[in-house]
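Residue numbers (full-length UniProt numbering): 1 to 996.
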């Protein structure tokens, strides 16, 4: 290669392997000053601490057995029975293996025996197959409750002083502050668990039909509340917000199946699909008032499905006969009207238990239990419905969270009271500043001043000034392909050309209009795309520079991925997909043209400061801006690879043009592992090398001396970080737990650390059983590296606060935890530095690293108006971190619902921005998004990275690789499995903004 930016072919550049100094997030240097002052309210409630020097919290190592809510039931029984032995102390229990008390217990180790009467669905349900028709009810009444003798061992683990919170509030480093806050959060969870709420991390949802929103398909949105303690520069606060999760719509199973599959007749049900959908859901049988977990469906319908049942005759032992489910229920005076339907199997794999699905008369035989989380991906329509029906105006949200704090009566909680905690009932007041929107430059170098975060090329007043795109392209060789059965391509062509002319884009008439053959519509998506391209080749003398693709009415259809892959990977053709709409007006075509112009190398608008080369700091020194994001598979698909994307600015000193580089990596891994990727032949195939070379070639052979990194924090339901503990301790073979279940040990098993996912405290888990020397079933756990439960097994040998802190730190509060900040600074940044050193031996650039976080629960409201917070509002006081360098930014306008700010964390700033400069740069980067004429909520580089990952993820159907992951064409992951590699972009489009 001629440029000295790249390493010579065959030459391996030495990379320094010295252990770098560990970086930590920087402290806030000062506060911003620019902007118009504005008075705001936040959904934080001030918390007052008293007596903190005398109060500490003890953590006890506790093991629980498996079962729905069994852990909390056991601990409630312990408190009820042995209150005097525990000195009358209340405790906070996390539902798994840890409990906390205020102050010490009388001794460090206890062993209690409790008798727990628990409803056994297996015993009651077993009467279906082992009780006679005449004595079944009687037997059920005898076996409904089983007495379990449970031995509970409690041992001291660590001390967590609450005074560390006060130190953290003063900006001091404290190892215990986050631990203490997480313990207080556990107290909040316990309070809601006692009320029978569904707990999802720090959010809770009550069983109230008024909180449900029907999303169709048997899925409902359930509105609840989020609550967590936070240290802020203004003191300790309680963050209370509205939260929504998805649940299975409660009601008859019969109705659920019809709704889920969108059919009217039960005969049209796809039963294999129904079996997959119903598995592991819980139902309540009306005939015996018991709850069961569904494990499958019967092989035969009720009229033919048999099971063995003992029939007694007089005093004899009786005999076992085969009886059908229909005959059994008929003996119970229940006539099945649809015996041709299969049954629900609610038993065990080797001991089935059948319950009919149908409705008997006017009463259903089984109901879906309420508050069961729905963790599968929602359809586009369901998401749209959820967003629409979950909206709340600012005034309504303020009222809801304020009422929640009053109604929950936190001051009456004995543990919080013992800690000297009092919570104010009013929203916290904060001071904000409204920054001026940056001036844009459009066609003819005219200035455009956005109004409330918006500007419009179709504004009639502005049209007199001929407001056009800043740098429009000319489209000569292009065509329209039509996969839609109902579409007027001639009209689309005419309207697009006319609209383009008013915006400055010269569009020649399309070379051809290609309709799909009617026979091809019955083929697979890949075949349909190939057939369409054969027709395009036959009608065009050469490859087009652009293709407009009209997809069927269903958005995000199966054709999208194969079509994009064919164009961007194989053919090197820029393409734009549209979906026919009744609102295909001038605004619609303007939005389409914005994307087309950006993809083909044009520019719709740019910052005035950018146009005049006056951006502070960035303009004086060659600066590369990186945007990073990771897109994960659908919920519940742990086998689908994640897609990592990084975009880099090009053509310095511009900050409006970007190029993307995309790779696959291990599923659900948030940190990008392909930034630096040396191969066996000495070359680097990583993402950063590709972007550095592009910057060098497009920036007058300048190397970046400054690199600004914007990285996205987790996205909640879409971006779920791995929160398991990575134990630093050596793993041992099977290790017996001291807490065991005495006879009768019918269902003893070890609880996994999966959190609470059911009504109240439904612990879900899996483990193994092994008989001890005494005949009792000692609970043993198969080795699971990195699991919370394994970590607690070692707690018996390695006690102390260090271990407990690792446990508590795994429970990520709002978004990126401190440990993940450290990974960004000490893993990803080191990889970027290595990639730079691998290509060049010059000085390492200066770095500024900023994390953008949307997965948080802080909201801001205007004090004297019902409107949302105006765009450009920034808050860096009151509710921000007491030490770290963070701020909240509302760059966008929120016309609907309650808008959410973006929480920016400046982790590193070697470049030396002033706080005002950082905030103005963030605001400016929210106005360079080429796809729209509005400011966006997150800086454009991050949004571009997200779009690139999402679009290239459509290239491959990763579900196909779940069973063939050992095939060729993949790269090894951190777990050793082979991850399929993404197809690379064609050379003709790899430098384009194809993701727009």
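Idealized CB from N, CA, C, for every residue including glycine.
Asked, Found
"Beta strand (DSSP E) containing residue 886: first to last residue?", "886 to 890"
"Taking all protein chains shown into account, do 16 or more other C-beta atoms lie within 10 angstroms of the C-beta of residue 501, making it buried, or fewer, making it exposed?", "exposed"
"Which of the three DSSP states, helix, strand or coil, is assigned to residue 39?", "strand"
"Within 10 angstroms of its Cβ, does residue 863 collect 16 or more other Cβ (buried), or is it exposed?", "exposed"
"Here's a check: name, in chain order, each residue in its chain whose Cβ is nearer than 6 angstroms to the Cβ of residue 112, leaving out the five neighbours to either side.", "78, 82, 152"
"Kindly indicate the opening and closing residues of the beta strand (DSSP E) around residue 222.", "219 to 232"
"In terms of residue numbering, what span does the alpha helix (DSSP H) encompassing residue 924 cover?", "915 to 925"
"Taking only three categories from DSSP, how would you classify residue 467?", "coil"
"Under DSSP, the alpha helix (DSSP H) around residue 943 begins and ends at which residues?", "940 to 953"
"Which whole-angstrom value is the C-beta distance of residue 562 and residue 525, which I expect to be below 8 angstroms?", "5 angstroms"
"If you pair each beta-carbon of the region 664 to 672 with each one of the region 579 to 598, do three or more pairs fall below 8 angstroms?", "no"
"Look up residue 532 in the DSSP assignment and say whether it is helix, strand or coil.", "helix"
"Using the Cα positions of residue 644 and residue 834, report the straight-line distance between them to the nearest angstrom.", "18 angstroms"
"Where do the N-terminal and C-terminal ends of the alpha helix (DSSP H) with residue 499 fall, by residue?", "489 to 503"
"Run through the DSSP bridge pairs and tell me what residue 354 is partnered with.", "345"
"Let me check one thing: in DSSP terms, what residues is residue 235 bridge-paired to?", "232"
"Just grab the DSSP bridge partners of residue 642 for me.", "665"
"For chain B, find out if any of its Cβ atoms is closer than 9 angstroms to the Cβ of residue 287; answer yes or no.", "No chain B appears in the structure shown, which is made up of a single protein chain."
"Just checking my contact of residue 702 with residue 622 at CB under 8 angstroms: how many whole Å lie between their CB atoms?", "4 angstroms"
"Among residues of its own chain, excluding the 5 on either side of residue 996, which ones have a beta-carbon nearer than 6 angstroms to its beta-carbon?", "595, 598, 599, 930, 931"
"Could you give the distance in angstroms between the alpha-carbon of residue 679 and the alpha-carbon of residue 664?", "16 angstroms"
"Report back the beta-carbon spacing between residue 590 and residue 458 to the nearest angstrom; my notes put them in contact at under 8 angstroms.", "6 angstroms"
"How big is the Cα-Cα spacing for residue 629 and residue 945?", "6 angstroms"
"Taking only three categories from DSSP, how would you classify residue 403?", "helix"
"Taking only the alpha-carbon atoms, compute the straight-line gap between residue 687 and residue 414 and give it to the nearest angstrom.", "54 angstroms"
"Check for me: the alpha helix (DSSP H) holding residue 569 runs from which residue to which?", "Where residue 569 is concerned, there is no enclosing alpha helix (DSSP H), given that its DSSP letter is neither H nor E."
"Quick one: measure Cβ to Cβ for residue 279 and residue 295, integer angstroms, because I've assumed they're closer than 8 angstroms.", "7 angstroms"
"What does DSSP give as the partner residues of residue 822 in its beta bridges?", "According to DSSP, residue 822 bridges with nothing at all."
"Can you find the residues in the same chain that come closer than 6 angstroms, C-beta to C-beta, to residue 109, ignoring five residues on each side of it along the sequence?", "155"
"In the DSSP output, what is residue 479 paired with across the bridge?", "547"
"Pull up the DSSP beta-bridge partners for residue 658, would you.", "649"
"Hey, residue 859 and residue 394: beta-carbon distance below 9 angstroms or not?", "yes"
"Distance, Cα to Cα, residue 605 vs residue 533?", "34 angstroms"
"Buried or exposed: residue 506, going by 16 or more other Cβ atoms within 10 Å of its Cβ?", "exposed"
"What separation, rounded to the nearest whole angstrom, lies between the Cα atoms of residue 984 and residue 217?", "37 angstroms"
"Rounded to the nearest angstrom, how far is the Cβ of residue 346 from that of residue 287, given a contact under 8 angstroms?", "Going by Cβ atoms, the distance from residue 346 to residue 287 rounds to 12 angstroms, so no, they are not a contact pair."
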